[in-house]
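According to the working numbering, the sequence shown is numbered sequentially starting from 242.
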Amino acid sequence: MVESEAHKKYEFKRTLEALRDKKGRGTELISLYIPHDKQVHEVASQLREEFGQASNIKSRVTRQNVQGAIESLLSRLKLIPKAPENGVVIFCGAVDIGANKTDMETFIIEPPEPIVSYKYHCDSSFLLTPLEDMLHEKKTYGLIVLDRREATVGLLRGKHIEALAHLTSTVPGKQRKGGQSSHRFQQLRLIAINEFYTRIGEAASEVFLGVDQKDFEGVFIGGPSPTKEEFESGEFLHHEIQKKILGLFDVAYTDESGLFELFDKLGEALQDVEVVQEKKYMERFLKELVSDTGLASYGEEQVRKNLQMGSVDILLLSDELRKARLTIKCTNCDYQEKKTITKKSGDEQYQPGNCPKCGSSLKVAESVDIVEELSTLADQMSTNTVFISSDFEEGNQLLTAFGGIGAILRYKTGI
Ligand SMILES: [Zn+2]
């Protein structure tokens with residue numbers, strides 16, 4: 242199975258979610274971030290030092306748990322001669338499993354982006370923020386701030402802003418010099434403004450087209466009115482970039498500090514962009530639901546049938562879907578059934594009851610995450626799977642009103 246980018250991101254998100262739920266009873270959960278270039282033997286000697294420090298911990302239970310976790314980390318490190326390309330993160334500690342019990346658990350993660358700095362962190366929960374930040378970091382935005390005298394072009398990657406081009410104009414001020422006719426003066430001024438916008442457009446397009454377009458999300462423009470509006474409506478950017486303008490903002494500065502001013506104003510707009518593609522899919526889905534062409538389907542059974550028929554173009558899955566598809570078999574005869582349960586309780590606890598054919602006890606023979614099941618089906622039928630977050634209205638609707646599963650169809654099936 243080819244793992245799509247969206248799928249990997251989803252898996253990573255789920256892993257972080259599972260780790261977020263782990264709690265220690267004291268400050269005894271250790272998070273260890275090792276960058277690629279950090280020597281593993283150095284990490285080991287730092288851990289041995291921490292082991293010594295831990296002897297000062299007053300609570301006997303916490304002390305034993307911390308030292309136990311460090312010992313466990315040290316034995317794991319022996320199996321890692323060198324941190325992989327993006328580094329490695331090891332989480333280890335006595336996790337509270339309820340009923341007054343803890344369980345020493347270890348999780349090893351190879352992150353999707355490089356780890357920047359070494360971290361040893363001991364707390365009542367695992368340190369996840371550096372990994373959570375990676376979920377957003379790849380996206381790149383183009384920034385332009387301009388007035389009629391000056392412009393700065395830059396890129397925003399994660400929270401990092403880089404100024405890449407600076408331009409100034411020779412556009413004359415509004416006051417004309419004596420002797421020039423007013424009409425002639427205005428004409429020259431407009432020509433100069435137009436020429437400056439053209440130069441800004443060329444410089445910005447060159448910078449933005451140089452970015453890998455699959456990570457390039459769009460452009461924000463800042464400046465006074467009506468300059469930025471003129472720049473937008475005059476279509477001075479390359480047509481591919483022009484299509485990606487995401488918003489205009491009032492900004493006072495047009496040098497490098499203007500880029501930071503613009504970034505400060507983006508706030509919510511940036512949040513919306515994160516879900517803009519998902520929003521488009523949901524809007525299409527909702528439109529199809531009420532249209533005569535009927536190219537939409539929803540609900541687990543209906544969508545599964547459509548997937549098996551190969552009629553699904555795009556499979557929409559809520560990324561908060563927490564269900565398992567169970568295969569239940571009789572322990573005595575050949576009776577078999579499939580059943581979907583909500584994962585909250587954990588499928589181990591699920592009691593399948595007795596066989597309707599012979600009355601013997603049933604057992605769970607197989608349990609598959611429903612996201613795995615449906616997206617595997619989708620892959621086999623060249624269906625595109627899209628994960629929809631519930632951070633926006635229509636996304637939340639997919640989860641609450643449509644059971645978290647929807648489909649945009651290739652042709653009408655009536656299912
Ligand atoms: Zn049976």
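For every residue, glycine included, the Cβ atom is placed at its ideal position computed from N, Cα and C.
Keep in mind the model is a prediction, meaning the values are calculated, not measured.
- Relative to ligand 1, C574 has its C-beta within less than 7 Å of a heavy atom.
- Note: N595 is bridge-paired with S602 in the DSSP secondary-structure output.
- Here L387 is not near T268, since their CB atoms are 8 Å or more apart.
- With a 10 Å radius around the Cβ and a threshold of 16 neighbouring Cβ atoms, S552 comes out buried.
- Shortest gap from the CB of K598 to any heavy atom of ligand 1: under 7 Å.
- Ranked by how close their Cα comes to the Cα of E436, the residues V307, L639, G475 and F253 have G475 in first place.
- In this structure, I555 is the residue among A295, S608 and I555 with its C-alpha nearest to the C-alpha of R525.
- A Cβ-Cβ separation of about 5 Å places L639 in contact with I629 under the 8 Å criterion.
- For T411, no alpha helix (DSSP H) encloses it, and the DSSP letter there is neither H nor E.
- Taking the Cβ of S552 as the reference point, every heavy atom of ligand 1 lies at 7 Å or farther away.
- Cβ-Cβ distances below 7 Å link L314 to I271, L273, L288, I331 and C333 in the same chain, with the five nearest sequence neighbours on each side left out; the list follows chain order.
- For T381, the enclosing beta strand (DSSP E) covers residues T381 to L387.
- A straight line joining the alpha-carbon of V329 with that of V448 spans about 33 Å.
- Bridge partners of N625 according to DSSP: I555.
- DSSP places A285 in the helix class (H, G or I) of the three-state scheme.
- Contact annotation: the segment 403-418 does not touch the segment 518-532, with fewer than three C-beta pairs closer than 8 Å.
- In the DSSP assignment, no residue is bridged to G399.
- Boundaries of the alpha helix (DSSP H) around V448: S423 to L450.
- With a cut-off of 8 Å on Cβ pairs, the segment 595-605 is not in contact with the segment 484-503, counting fewer than three such pairs.
- Here DSSP, grouped into helix, strand and coil, assigns H362 to strand.
- Distances from the CA of T343 to each of H480, R566 and G265 were compared; the closest alpha carbon is that of G265.
- Shown here, A404 sits in a strand according to DSSP, grouped into three states.
- Take the alpha-carbon of N306 and the one of A335: they are about 6 Å apart.
- Looking only at L618, Y438, G395 and E291, the smallest Cα-Cα distance to L558 is reached by L618.
- E458 counts as buried, since at least 16 other C-beta atoms from the protein chains shown sit within 10 angstroms of its C-beta.
- Inclusion of L478 and G451 in the CB contact set at 8 Å is not warranted, their separation being larger than that value.
- The Cβ neighbour count for Y652, taken over all protein chains shown within 10 Å, is under 16; the residue is labelled exposed.
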